[in-house]
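J.:
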């Protein structure tokens, strides 16, 4: 990659939670990068560390968790170890986040305009009228009809889909360079989901904003993302261009994941399953986290596999990838 | 809103009526005022004349209906002891009680909410634990004992504050008040604090529980993700949410504070309605007791109404227009 630094580059990030009963390695040596205008899908099952990765980038990991190692390079500058006030100037201004449950992200006792205007004024000294105008424009941008009236409403007067649009409008309001969307469409019904996906994609193309889309839904990223990172037990086990990974998964976990998605081609046949359960991240044993569930596991899998790049533009953590399909 | 108000009003009238009946019968059962009021050395004719003048010779139902009749015209009877209308007696002493009641609720809010929020934000710190232990003491120590201890410490041993009475008063719209003079203020402080202690503990517990619950909500994390300063997150996003239960409870407690300031007023010899009530019960001054209790009921009804209205101001999800009761 020559020219300017990517919008975000995460290198060897480790976020661990130090609880009374042991250390939870929620994020354990994660590296990836996102370019300007690029959409990165971060996929994994519940508890694989996707959301903690997102919160780590914003410096919002709740105690007893903390970033223990690694670098988070935002436009070439390392964010790890910055003071709280330095994080704060970035949050909401340069890096914004959209949360999973739109019913919970807006404060129920504050009006929409209050919640939007405070997001602007936290970062810029602008007049109330200017801030209001920008809040109005942001609501219009995400497709909320009659934004002037809606500004004066309270969150409970909106439907779930509308609230998520408001949350997206708040994320967009300061024109950030990076948006982290943590399963923003999971709580919405399918038609609203499709609209929001379409708008998210459009906005990235138009404004050059980089987008990290965290989800457990492969079909969502399939239509949205440029590249994909598959997370398992706190590690990224496979990453590459979305079409390559979905067409020819190399890691046995990705392979199993894609095999378990229902599709037209497999009509009438039982769905493939991945046997077993996600391992606990509390004091995990060394070695590949997937080996207990993996059909290809062998003796060397008790060691940690390194990141390799057996195919150009792809990265995996596995001793026995599905190279024969590639 | 209009329907809500009318329904409330009708309910209130019924409550008042039932209350007056219970109180009237209750005080009748407590004892006969004749034994206390009439000079035992007076002769039979004099005694009977007094009994007839006070209307105590008639049967209970007859006494009750003549009471009800004059009550409709705003006359709740005349004190047997002071020979003054009972309502006037109460209203004369009401400002003094209102003063320490408002002072007490004010102290409970000003000290209780910040202390509760600190304890909620830092539950494991020394200061958080100290505040919580303090609130347990505030709950469990009896008011009269704390009052006596306050007097001993601040009035007797340190000599900083006066032990009893109202101090200098100034007339405000024709009502004597203490809080506008320095001497009056020093007199208010101890009784108000004593009265506030229980409410303060309540507010601390409510604020702490509220803070701990609200801090875990997504909207707090989202407001941080917007880059808001910690002070704005806590003073706007968290505070406004925890105020809802605090206002509800404090509103109802304000009535309690006014109506039952009895112990504190007695300990600090504060000339309010609580002291009047205790004296009147002691002398079986029936009209004053009945008038006092009816007034208290009216006050509770009013406060409940105001709390409902305030609630809808704080919490937009509650709309009085939608209320069915």
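Chains as they are written, first to last, in the numbering used here: chain A, 1 to 326; chain B, 1001 to 1325. Cβ coordinates follow ideal geometry from the N, Cα and C atoms, glycine included.
#1: Would you decide whether residue 1009/B is buried or exposed? Buried here means 16 or more other CB atoms lie within 10 Å of its CB.
#2: If we cut at 8 Å on Cβ distances, does residue 104/A have a partner in chain B?
#3: Count the other C-beta atoms from every protein chain shown that fall within 10 angstroms of the C-beta of residue 174/A, then say buried if there are 16 or more, exposed otherwise.
#4: Return no unless some Cβ of chain B is closer than 8 Å to the Cβ of residue 379/A.
#5: Comparing the C-beta of residue 1229/B with each C-beta of chain A, is any distance below 8 Å?
#6: What whole-angstrom Cβ distance do residue 152/A and residue 113/A have, given they're in contact under 8 Å?
#7: For residue 35/A, collect the residues of the same chain with a Cβ closer than 7 Å to its Cβ; drop the 5 residues on either side in sequence, then sort them by chain order.
#8: Give the residues of chain B in contact with residue 162/A, contact being defined as C-beta atoms less than 9 Å apart.
#9: Under 8 Å: do the region 1186-1193 of chain B and the region 1259-1275 of chain B share three or more Cβ pairs, one atom per stretch?
#10: Compare the C-alpha of residue 1176/B against each of 1096/B, 1042/B, 1236/B and name the closest.
#11: Since residue 291/A is in the alpha helix (DSSP H), which residue starts that stretch and which ends it?
#12: Locate the alpha helix (DSSP H) running through residue 1326/B, then write down its first and last residues.
#13: Does the region 64-73 of chain A come close enough to the region 10-17 of chain A to have 3 or more Cβ pairs within less than 8 Å?
#14: Jot down the residue ranges of each uninterrupted beta strand (DSSP E) in the region 1150-1236 of chain B, minimum 3 residues, whole runs only, in chain order.
#15: Does the beta-carbon of residue 277/A have 16 or more other beta-carbons within 10 angstroms, so that it is buried, or is it exposed?
#16: Since I believe residue 1116/B is in contact with residue 1207/B (beta carbons under 8 Å), could you give me their beta-carbon distance rounded to a whole number of angstroms?
#17: According to DSSP, is residue 17/A helix, strand or coil?
#18: On the three-pair Cβ rule with 8 Å, is the region 172-189 of chain A touching the region 96-111 of chain A?
#19: Name the chain A residues that come within less than 7 Å of residue 1093/B, Cβ to Cβ?
#20: CA-CA distance, residue 1324/B and residue 145/A?
#21: Does the beta-carbon of residue 1327/B have 16 or more other beta-carbons within 10 angstroms, so that it is buried, or is it exposed?
#22: Ignore the nearest five residues each way along the sequence and tell me which others in residue 327/A's own chain have a CB closer than 7 Å to its CB.
#23: Would you report the Cα separation of residue 1308/B and residue 1240/B, rounded to the nearest angstrom?
#24: Is the separation between the beta-carbon of residue 1282/B and that of residue 1192/B shorter than 8 Å?
#25: Taking one C-beta from the region 1221-1235 of chain B and one from the region 83-99 of chain A each time, how about it: are there three or more such pairs within less than 8 Å?
#26: Under DSSP, the beta strand (DSSP E) around residue 86/A begins and ends at which residues?
#27: Taking Cβ-Cβ distances below 8 Å as the criterion, which residues of the region 1298-1320 of chain B are in contact with chain A?
#28: Starting from residue 31/A, trace the beta strand (DSSP E) in both directions and tell me its first and last residue.
#29: Tell me the rounded alpha-carbon separation between residue 1210/B and residue 53/A.
#30: Below 8 Å CB to CB, which residues in the same chain sit around residue 1198/B once its five sequence neighbours on both sides are set aside?
#31: Can at least three beta-carbon pairs, one atom from the region 212-221 of chain A and one from the region 29-48 of chain A, be found at a separation below 8 Å?
#32: Going by C-alpha to C-alpha distance, which of 1014/B, 1002/B, 1216/B, 1007/B sits closest to residue 1298/B?
#33: In the structure shown, what three-state DSSP assignment does residue 213/A receive?
#34: Would residue 326/A be called buried (16 or more neighbouring beta carbons within 10 Å of its own) or exposed?
#35: Along chain B, in chain order, which residues have C-beta atoms closer than 9 Å to that of residue 89/A?
#36: Which of helix, strand or coil does DSSP assign to residue 301/A?
T.: Taking the structure as given:
#1: Taking the second chain and counting its residues from 1, the one referred to as residue 1009/B is at position 9. By the 10 Å Cβ count, residue 1009/B comes out exposed.
#2: Here the question's residue 104/A lines up with position 104 in the first chain. Yes, residue 104/A counts as interfacial toward chain B.
#3: Here residue 174/A refers to the residue found at position 174 when the first chain is read from its first residue. Its Cβ being crowded by 16 or more others within 10 Å, residue 174/A is buried.
#4: Because residue 379/A is not part of the residues shown, which for chain A are 1 to 326, the question remains open.
#5: Here the question's residue 1229/B lines up with position 229 in the second chain. Proximity of residue 1229/B to chain A, defined by a Cβ-Cβ separation below 8 Å, is satisfied.
#6: Looking up residue 152/A in the first chain gives position 152. Looking up residue 113/A in the first chain gives position 113. Between residue 152/A and residue 113/A a beta carbon distance of about 6 Å is seen, short of the 8 Å cut, so the two are scored as contacting.
#7: The sequence position of residue 35/A within the first chain is 35, counting from 1. Excluding sequence neighbours, residue 35/A sits near 6, 7, 210.
#8: For this step, residue 162/A is matched to residue 162 along the first chain. Neighbours of residue 162/A in chain B, taken as residues whose beta carbon is under 9 Å from its own, are absent, since the nearest beta carbon is some 16 Å off.
#9: yes
#10: Here the question's residue 1176/B lines up with position 176 in the second chain. Of 1096/B, 1042/B, 1236/B, the residue nearest in Cα terms is 1096/B.
#11: Here residue 291/A refers to the residue found at position 291 of the first chain. From DSSP, residue 291/A is part of no alpha helix (DSSP H); its letter is neither H nor E.
#12: Any question about residue 1326/B goes unanswered here, given that chain B covers just 1001 to 1325.
#13: yes
#14: As far as the region 1150-1236 of chain B is concerned, its whole beta strand (DSSP E) runs of at least 3 residues are 1170-1172, 1175-1177.
#15: Taking the first residue of the first chain as 1, we reach residue 277/A at position 277. Burial call: exposed.
#16: Position 207 of the second chain, counting from 1, holds the residue named residue 1207/B. Position 116 of the second chain, counting from 1, holds the residue named residue 1116/B. A Cβ-Cβ separation of about 3 Å places residue 1207/B in contact with residue 1116/B under the 8 Å criterion.
#17: Reading the first chain from its first residue, position 17 is the one you call residue 17/A. Strand at residue 17/A.
#18: yes
#19: As a first step, residue 1093/B must be located in the second chain, where it is residue number 93. Those within 7 Å of residue 1093/B in chain A number zero; the least Cβ separation is about 40 Å.
#20: Here residue 1324/B is taken as the residue at index 324 of the second chain, counted from 1. Here residue 145/A is taken as the residue at index 145 of the first chain, counted from 1. Note on residue 1324/B: pLDDT 42, under 50, position unreliable in the model; the coordinate value appears next. Spanning the two alpha carbons is a distance of roughly 32 Å.
#21: Residue 1327/B falls outside the range modelled here, since chain B spans only 1001 to 1325, and no answer is possible.
#22: Lying outside 1 to 326, the shown extent of chain A, residue 327/A is not represented and no answer is given.
#23: On the second chain, residue 1308/B is found 308 positions in, with the first residue counted as 1. On the second chain, residue 1240/B is found 240 positions in, with the first residue counted as 1. Taking the straight line from one Cα to the other gives about 17 Å.
#24: As a first step, residue 1282/B must be located in the second chain, where it is residue number 282. As a first step, residue 1192/B must be located in the second chain, where it is residue number 192. No, Cβ-Cβ distance for residue 1282/B and residue 1192/B is not below 8 Å.
#25: yes
#26: For the purposes of this step, residue 86/A is taken as residue 86 along the first chain, with counting starting at 1. Unbroken run through residue 86/A is the alpha helix (DSSP H), 84-90; no beta strand (DSSP E).
#27: 1314, 1315, 1316, 1317
#28: Within the first chain, numbered from 1, the residue matching residue 31/A stands at position 31. Note, residue 31/A: beta strand (DSSP E), 22-34.
#29: Along the second chain, read from residue 1 onward, the residue named residue 1210/B stands at position 210. Along the first chain, read from residue 1 onward, the residue named residue 53/A stands at position 53. Roughly 29 Å separates the two Cα atoms.
#30: Walking along the second chain from the start, residue 1198/B turns up at place 198. Taken in chain order, the residues that qualify are 1138, 1139, 1143.
#31: They touch, by the three-pair rule.
#32: The sequence position of residue 1298/B within the second chain is 298, counting from 1. Nearest option by C-alpha distance: 1014/B.
#33: For this step, residue 213/A is matched to residue 213 along the first chain. Note: residue 213/A maps to strand in three-state DSSP.
#34: The count along the first chain starts at 1 and reaches residue 326/A at position 326. In this predicted model, residue 326/A has a pLDDT of only 48, less than 50, meaning its place in the structure is not dependable enough to derive any value.
#35: As a first step, residue 89/A must be located in the first chain, where it is residue number 89. The answer, in chain order, is 1227.
#36: Walking along the first chain from the start, residue 301/A turns up at place 301. Looking at residue 301/A - three-state DSSP - the assignment turns out to be helix.
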